[in-house]
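Worksheet: the structure to be examined is printed underneath.
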Amino acid sequence: MAHSGKTLRVGMIGCGVVGSEVARLLVANADDLSARSGAKLELVKISVRDISISRPGIPKELFTTDSKAIVNDPNIDLVIEVMGGIEPAYELILTAMKNGKAVVTANKALLAKFGSELFHASDEADVDFYYEAAVAGAIPILRPLAESLVGDHVERVMGIINGTTNYILTKMDETGASFDSALKEAQGLGYAEADPTADIEAFDAAAKAAILAGLAFHTVVTDADVYREGISKITSDDVAVAKEMGFTIKLLAVAEANDDESITVRVHPTLIPRTHPLAAVREAFNAVFVKCESAGELMFYGRGAGGTPTASAILGDLVAVARNRIEGSLGPTETDYAHLKIAPIGSTRTRYSIRMDVKDIPGVLASVANVFAANDVSILTVRQDGRGADAELIVLTHLATESSLADTVKQLQKLDTVKHVTSVIRVEGTV
Ligand code: HSE
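Note that my numbering has the sequence shown beginning at 2, numbered continuously upward.
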């Protein structure tokens, strides 16, 4: 591609961990980025809440507290939004688009709520809207779904798409740490926020799952459509028992097509065999499995969070939109023509591990097995560990619907022989 000799002016909204890396790399790699874009990319303004914070390596005169000035500046061609959150990011992006600016964002929460509105706004304004960094950080997964695999038929997307929870679960598995101490360690390393709710309660993963599902199944999917369960109730006992049985626990996001023209999108802790490729995804790494009708299975792996990895995805998008602008073209837009129904979680069929403390007396197994049978939940294996006068039973089931399983657990809790049901965790694959 010949260099156009043109300059494209870039404005950035937000300058936190990711934004400061984007700014640093834009300056440090200016020549390469210019050669690859076909235009000089000049960072001309960055809006921040507090100008007085020191941001080494970024010229002070670029900073403003006025984000509106960026989206309304007629000299700015491309806008990078890395402030996060819903408002004012949503309004600012819409204004930037209306003003003819291409937009690159990493804002998963916003896309998971208003993705459809943003895609339509960019179509209407004839501008590019790219957001590779919003899911799984540095890993190219959105463009492969939207472009490379768009001729195929996606059947399932499954992955680890939150680095913080994967770090916590890795530490619990490898060192026997409690949830609280693994969380503290993750906070110490800067993975988990002071308020870790978005990560540990899986809001972050659910937003990313909604974005993946929308692209994979050409359907509008929002975060409200995603069944979500976090990892805060996972105990070191759950992890130890899983390990003894040949499993590890991961927070998995699963988006899958069902037989009846519906899809299910869910995020929850899951037992996977230690031999499963996703079990080898350790610490803050992410990985996404995609299963397609023709391509078969593909796996994407890499760093899902952090300043430089996320900046890599943002700069990739920036070069792409700059090339399009120089060529007078636009990248592909999202399609939501399929309008698939989102199936309720109750109808989802998965396998389960149910741990319960029971009285160690004759007839206990029979009483427990009866409850499973009465709810049409077939048992795969039962394991019993003696605990003095009591015992722990761990039942692994065949595929069962969420609603049958919920009824089973309710009835187990009412049995005289069952002291309490300790945990119910879904299972993928067999050991
Ligand atoms: N907090 C996220 C994670 C990174 O831990 O994966 C940004 O999405």
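No residue lacks a Cβ here, since even glycine has one placed at the ideal position from N, Cα and C.
Note that this is a predicted model, so its numbers are computed, not measured.
Check	Outcome
Option in Tyr353, Asp33 and Val255 with minimal Cα separation from Leu319	Asp33
The segment 344-356 touching the segment 258-277, judged by at least three CB pairs closer than 8 Å	yes
Candidates Ser21, Leu216 and Pro57, of which the one nearest Ala339 by Cα	Leu216
Simplified DSSP assignment, three categories, for Lys102	coil
When Val45, Leu397 and Asp205 are compared against Leu111, the one with the closest alpha-carbon	Asp205
Asp200 Cβ short of 7 Å to the ligand HSE heavy atom set	yes
Within the segment 175-200, ranges of the alpha helix (DSSP H) (whole runs, at least 4 residues)	180-189
Beta-carbon gap between Ala208 and Asp226 smaller than 8 Å	no
The ligand HSE heavy atom lying under 7 Å from the CB of Asp205	yes
Contact check, Ile161 vs Leu279, beta carbons under 8 Å	yes
Beta-carbon separation (whole angstroms), Leu416 vs Ser354, contact threshold 8 Å	Leu416 to Ser354, Cβ: 18 Å. No contact.
Those runs of the beta strand (DSSP E) which lie wholly inside the segment 284-361 and span at least 3 residues	286-293, 297-304 and 350-360
Boundaries of the alpha helix (DSSP H) in which His121 is found, first to last residue	Lys109 to Ala126
Ser123 versus Leu366, Ser404, Thr431 and Leu331, residue with shortest Cα-Cα distance	Leu331
Residues of its chain near Tyr91, where Cβ-Cβ distance is below 7 Å and the 5 sequence neighbours each way are ignored	Leu111 and Phe115
Any non-hydrogen atom of the ligand HSE closer than 7 Å to Asn325 Cβ	no
Cβ contact check for the segment 99-107 and the segment 163-180: 3 or more pairs under 8 Å	no
Segments of 4+ residues assigned as alpha helix (DSSP H) that fall wholly inside the segment 192-280	198-201, 204-218 and 237-245
Of the listed residues Thr171, Lys185 and Thr166, nearest to Ala203 (C-alpha basis)	Thr166
Cutoff 7 Å; reference Ala243; Cβ partners in own chain excluding five residues on either side	Thr249, Ile250 and Leu272
C-alpha gap between Asp200 and Gly152, whole angstroms	33 Å
Buried/exposed call for Met173, threshold 16 Cβ in 10 Å	buried
Three-pair Cβ contact test at 8 Å for the segment 380-395 versus the segment 358-367	yes
According to DSSP, residues forming a beta bridge with Ala40	Lys7
Proximity test, Cβ basis, 8 Å: Ala401 and chain C	Absent from the structure: chain C. Only one protein chain is present.
Simplified DSSP state of Ile142, which is helix, strand or coil	coil
Opposing strand residues paired with Arg427 [DSSP bridges]	Thr271 and Tyr353
Candidates Ile362, Leu341 and Val322: closest to Asn259 by CA position	Leu341
Proximity of Lys7 and Ala40 at Cβ, strictly below 8 Å	yes
Gly231: CB within 7 Å of a non-hydrogen atom of the ligand NAP	In terms of ligand content, the structure shown lacks the ligand NAP and carries the ligand HSE instead.
Residue range of the unbroken beta strand (DSSP E) whose run includes Ile380	Ile380 to Arg388
Proximity of Val268 and Leu252 at Cβ, strictly below 8 Å	yes
At least three beta-carbon pairs within less than 8 Å, the segment 69-85 to the segment 10-26	yes
Of the residues Arg50, Ala288, Thr418 and Phe373, the one placed nearest Leu454, counting alpha carbons only	Lying outside 2 to 432, the shown extent of the chain, residue 454 is not represented and no answer is given.
First and last residue of the uninterrupted alpha helix (DSSP H) at Glu148	Premise fails: Glu148 is in no alpha helix (DSSP H) and is neither H nor E.
Reduced DSSP secondary structure (H/G/I, E/B, other) of Leu170	helix
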